[in-house]
Amino acid sequence: MTRFPPDYEQRVYSGWLGKCIGVRFGAPLEGWTYDEIARNVGELAGYLRDREDKLFGPDDDTSMPLILIRALEDHGPDPKLSATQIGQTWLNYLGDGHGTIWWGGYGVSSEHTAYVNLANGIPAPRSGSIAQNGAALAEQIGGQIFSDIWGLVAPDNPELASALAEAASSVSHDRNGIYGGRFIAAMVSRAFTESDPAELVEAGLRQIPAECEYARVIRAVRDFHRRHQDDWRACYAFIRDNFGYDKYPGPVNIIPNAGVVAMALLYGGGDFSRAIRIANMAGWDTDCNAGNVGAIMGVAVGPEGIGEEWRAPINDLLIASGIIGTRNLITIPQCADLFCHLAYDMAGLEWEPRPRCHFRYPGSTCNFRASGERGRAIELRNSGNGTLKAAIRKLRRKGEIRIYTRTYYHVDELASNYYGAEFTPLIFPGQRVTAQVYLPDGAPDSVVAAIYVRDGATGRLHKANGTPLRPGSWHDLTFRVPPIENPLLSEVGITLSNLGPLWDAGAIHIGSLDWDGDPEYSIDFSREQPGRGPAPGWSHLRGYWRLEDGAYHGSGPGLCESYTGDVRWRDYALEITLIPITGQYHNVNVRVQGAMRSYAFGLAPEGRIALYKNEGGYHQVASAAFPWRHGESYTLTVKAKGTRLTAWASGPEGKSSLEWADLGARPYLNGQIGLSTWHGSHTEFRSVFICQA
C-alpha cells in the first residue's frame, strides 16, 4: 500500500519545484564538459541567464512528464498502468514532429524513434525495445529524466513507483534505459520518509538488477564516496575515466549521467543547493542530471530546504510544450495539485478540489505579479497562512494597484523556444471569475477591489464594478468576462483603488482566484496579425498552419488539426466559416481532448457532410447529402450539449443537418475546439464564433 506522510502534499510541491529549478539551472550548460564549465564559467552559484527580461522556455525534462502523468487521468488511476496505455498517451498529446521532445531524427533520438514506431502501429513496449531499435538507442538517458513523477505519486512506495516508471520508460527505452527510470522513481518515492542520500541511493539500487551496468556505475560511485568523502571532483574524474561518454554508444548514454546523479546526491550531503551545483558543474547532460537531483532533494528537504534565491526567479511558473495549449502555461502548485489528485485517486482516497490559484503550499506565489499607478505593491509573498500578502505603499486617491497572474504569453517573451511551446489563453470571454480577498484591520475603509482581465491583443482592461472592502473582513468577488471580438486575454487579477486620502502603508491578502464556465466570443481571422506558425492563441497537431490573405489556412498530409480553448469546456455551440480550397475533408472539431479523442463535423467526399468520432482514429457516425463545391464559402455549426451533437452546414446550395447522440461507454463531455483539414486537403478558415449551448 502507498503510505501518505502527513506533509505529503508539501513535499510533492517541493519535489516538483526542485525538479524545475534543477532543469532551469542546468539548461544553459547542457552538453558542456566539466573542463569547459570550469574553464569558461568557474564555480556555479545560481542561474545563468542570457536575457533577464525573458522567460525560461520549455524543456523536455519537464514537458514530457506532464504528458506522461496524464495516462493515470485518461486510463484510470490504476497502479498497473501499462506501457501500451502510456504509448497511447504519447500519441494523444504529442505534436507530430514538433514540441515536447527532442526530434533529433529516427534512429538518433530515442523518443523520436519511439513516436514514429507508435504512430506506424508498432505498440509499446516494442516501440522502445532493443529488439526493435538496438541497444545504443534504447539505453539513452530518456528513461531516467522523465521518471521523477512516478515517485511523486507513489510516496514511500518504491516498488510501485519503479513499476510505473518501468511501464513509462519502456515506451522508448529498454534494459539500462528502463533501470534508470526505476532507480530515479524509487529514490523520489523513498525521499518522502528518508532524507539521507546514502540511504536513498540504496533504495534505488534495490529496484534494479544487481548485475546490470547501471547498478555497476552506482555501486562504483557509492564505494568511491565511502573512501573519499570530501572530494567530489576526484569522484567526477573517476566517473569520467571509467564510465565516461567515450565508453558507451549514442549521443547521451544513460550510464555516465547516472554516475553524476549518484555523485551529486552523495557529495551534496543532504543540502539541496550543494547537490544541484555539483550535478551541474560535472557537465554532460546538465539539465537532466540537475533536474533529477533537484526532484529527489526537493522531496527530501521539503519547501523550507529550498532557498529563496532559487525560488524567486521562477515565481512558480512553468512553461511546457504539448498540443493542449492551456497546459503549456502552468504553475508549479497546479502541477502539484495534479500529482496529488492522481496519487489520491490511485490509493482510493478522496481529493479536495482546489482553485486554480491558491497559496496553500509554503512559499507559493502562483506566478502573481503587481503593477500600479499612483501607488504600488512593494512585495508579494506567501503569508504562511494560505494567502498571498501584498504590501501596499502610498496608494493615493484615485490611484490603482493591479495584482495579477498571466494567462497568456507570446513566444517572443521566451528566452528560447527550442521545444516549441504554443500557447492558448487560459481564460476566455463569457467565463465567470471568482476571488477571495481580505483587508486587514487598520486599513482605510475607502479601498475598493474589482476583478479584471486584460486583452493582450488591444491592451484594454475589462473590469467588474468595484466592491468596497471592510477592514478586518473577507470578501468574495465575482466577474463575468463580457463577450469580446478577437480576444487574447493575457492576465487576470484584482485591482485596488483608493477613494479616500492617501493610504501610506498596509497590506491586502488574496486567498484564491479561479474561473469556470463556457465561453462566448468571436474571431475574424482577417483582423489577426500574421507570424510564424499557428495563429495567436492556437496550437497544432500536424500540418502547415498560417495566417495569410485574411484567413487562417491549414493544409498538409495526414490529419492536420489546430486547437484552442480549454479542455474543461463542456456545453457550447460553435460556428465556423470556411472555404474548401482543395481536397475532400474540411472540418470543425468539438470536445477535443487531444489528437486521439474528439468529434469532428465537416464537408466530406462525394458531396456530403459527415460527423465523426475520434477513438484512437476517426470513424464516421452520421452523414447526409450536401453538394458542396471548392472555392465557395460555407458555415458549419455544431452544438454539443450533454451526449448529443447537432450539426448543420449552410452555403450557396442550401442547408443540411445531422443529429447524433453518443450513447457509448465513454462519450466525450468536455473539450477544446479545433479546425481540421485531412488527407492532403487545404482549407481556408475565415471566422469563429462560440457561445453557450
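Using our numbering, count along the sequence shown one by one with no gaps and you end on 697. Built from N, CA and C at the ideal position, the CB exists for glycine as well. These numbers were taken from a predicted model, which means no experiment stands behind them.
With distances taken Cα to Cα, identify the nearest neighbour of residue i among the options.
{"i": "Asp349", "options": "Ile73, Leu662 and Gly46", "result": "Ile73"}
{"i": "Trp314", "options": "Asp152, Ala283, Ser277 and Ala304", "result": "Ser277"}
{"i": "Cys564", "options": "Gly541, Tyr622 and Ser516", "result": "Tyr622"}
{"i": "Arg648", "options": "Pro129, Lys659 and Tyr616", "result": "Tyr616"}
{"i": "Asp480", "options": "Ile488, Asp459, Ala439 and Asn502", "result": "Ala439"}
{"i": "Pro81", "options": "Val594, Gly352 and Asn593", "result": "Gly352"}
{"i": "Tyr38", "options": "Trp154, Asn261, Gly470 and Ser661", "result": "Asn261"}
{"i": "Tyr12", "options": "Leu333, Val192 and Arg601", "result": "Val192"}
{"i": "Trp507", "options": "Gly446, Gly476, Leu418 and Gly248", "result": "Gly446"}
{"i": "Asn246", "options": "His229, Val225 and Ala626", "result": "Val225"}
{"i": "Glu47", "options": "Arg237, Ile243, Ile585 and Gln435", "result": "Arg237"}
{"i": "Pro159", "options": "Ile222, Ala614, Ile300 and Gly147", "result": "Ile300"}
{"i": "Leu443", "options": "Val437, Pro487 and Asn502", "result": "Asn502"}
Have a look at residue i and residue j and give me their C-alpha separation to the nearest angstrom.
{"i": "Leu473", "j": "Ile188", "result": "50 Å"}
{"i": "Tyr548", "j": "Gly22", "result": "37 Å"}
{"i": "Glu426", "j": "Gly537", "result": "9 Å"}
{"i": "Leu322", "j": "Tyr422", "result": "15 Å"}
{"i": "Lys58", "j": "Leu52", "result": "12 Å"}
{"i": "Gly61", "j": "Glu115", "result": "20 Å"}
{"i": "Gly263", "j": "Ser325", "result": "29 Å"}
{"i": "Val256", "j": "Pro609", "result": "47 Å"}
{"i": "Pro656", "j": "Ser176", "result": "51 Å"}
{"i": "Pro619", "j": "Ala128", "result": "For the record, residue 619 in the displayed sequence is Glu; it is not Pro. Near 18 Å, if we compare the C-alpha coordinates of Ala128 and Glu619."}
{"i": "Phe8", "j": "Asn161", "result": "9 Å"}
{"i": "Tyr97", "j": "Leu76", "result": "14 Å"}
{"i": "Glu206", "j": "Asp100", "result": "39 Å"}
{"i": "Ala629", "j": "Leu582", "result": "18 Å"}
{"i": "Lys398", "j": "Val452", "result": "15 Å"}
{"i": "Lys643", "j": "Val457", "result": "28 Å"}
{"i": "Phe529", "j": "His683", "result": "24 Å"}
{"i": "Ser420", "j": "Gly302", "result": "26 Å"}
{"i": "Ala202", "j": "Ser173", "result": "25 Å"}
{"i": "Glu377", "j": "Arg401", "result": "11 Å"}
{"i": "Thr66", "j": "Leu545", "result": "20 Å"}
{"i": "Asn593", "j": "Gly646", "result": "16 Å"}
Tell me whether the beta-carbon of residue i lies closer than 8 Å to the beta-carbon of residue j.
{"i": "Ile145", "j": "Asp178", "result": "no"}
{"i": "Leu85", "j": "Leu168", "result": "yes"}
{"i": "Lys467", "j": "Thr428", "result": "no"}
{"i": "Leu517", "j": "Val485", "result": "no"}
{"i": "Cys695", "j": "Ala577", "result": "yes"}
{"i": "Asn372", "j": "Thr409", "result": "A quick correction: the sequence has Phe, not Asn, at residue 372. Yes."}
{"i": "Val305", "j": "Ala283", "result": "no"}
{"i": "His557", "j": "His686", "result": "yes"}
{"i": "Gln676", "j": "Gly569", "result": "yes"}
{"i": "Gly521", "j": "Leu493", "result": "no"}
{"i": "Phe693", "j": "Ala555", "result": "no"}
{"i": "Val27", "j": "Gly295", "result": "yes"}
{"i": "Thr639", "j": "Ser654", "result": "yes"}
{"i": "Ile396", "j": "Ala316", "result": "no"}
{"i": "Ala374", "j": "Ile405", "result": "yes"}
{"i": "Ser151", "j": "Gln211", "result": "no"}
Mapping the DSSP letters down to three states, classify residue i as helix, strand or coil.
{"i": "Trp478", "result": "strand"}
{"i": "Trp288", "result": "coil"}
{"i": "Gln14", "result": "helix"}
{"i": "Asn124", "result": "coil"}
{"i": "Tyr408", "result": "strand"}
{"i": "Ile382", "result": "strand"}
{"i": "Arg210", "result": "coil"}
{"i": "Arg546", "result": "strand"}
{"i": "Ser387", "result": "coil"}
{"i": "Trp519", "result": "strand"}
{"i": "Val205", "result": "helix"}
{"i": "His590", "result": "strand"}
{"i": "Thr369", "result": "coil"}
{"i": "Leu33", "result": "helix"}
{"i": "Trp20", "result": "helix"}
{"i": "Glu198", "result": "coil"}
{"i": "Pro584", "result": "strand"}
{"i": "Arg690", "result": "strand"}
{"i": "Arg230", "result": "helix"}
With 8 Å as the threshold, decide whether the Cβ of residue i is near any Cβ in chain B.
{"i": "Pro255", "result": "This model lacks chain B altogether, as it is built from one protein chain only."}
Within the stretch 53-100, note down every full alpha helix (DSSP H) run reaching 4 residues or more, in order along the chain. 64-72, 74-78 and 87-97
Going along the chain, which unbroken runs of the beta strand (DSSP E) with 3 or more residues stay wholly within the stretch 596-633? 601-608, 612-619 and 622-629
Within the stretch 407-457, note down every full beta strand (DSSP E) run reaching 3 residues or more, in order along the chain. 436-443
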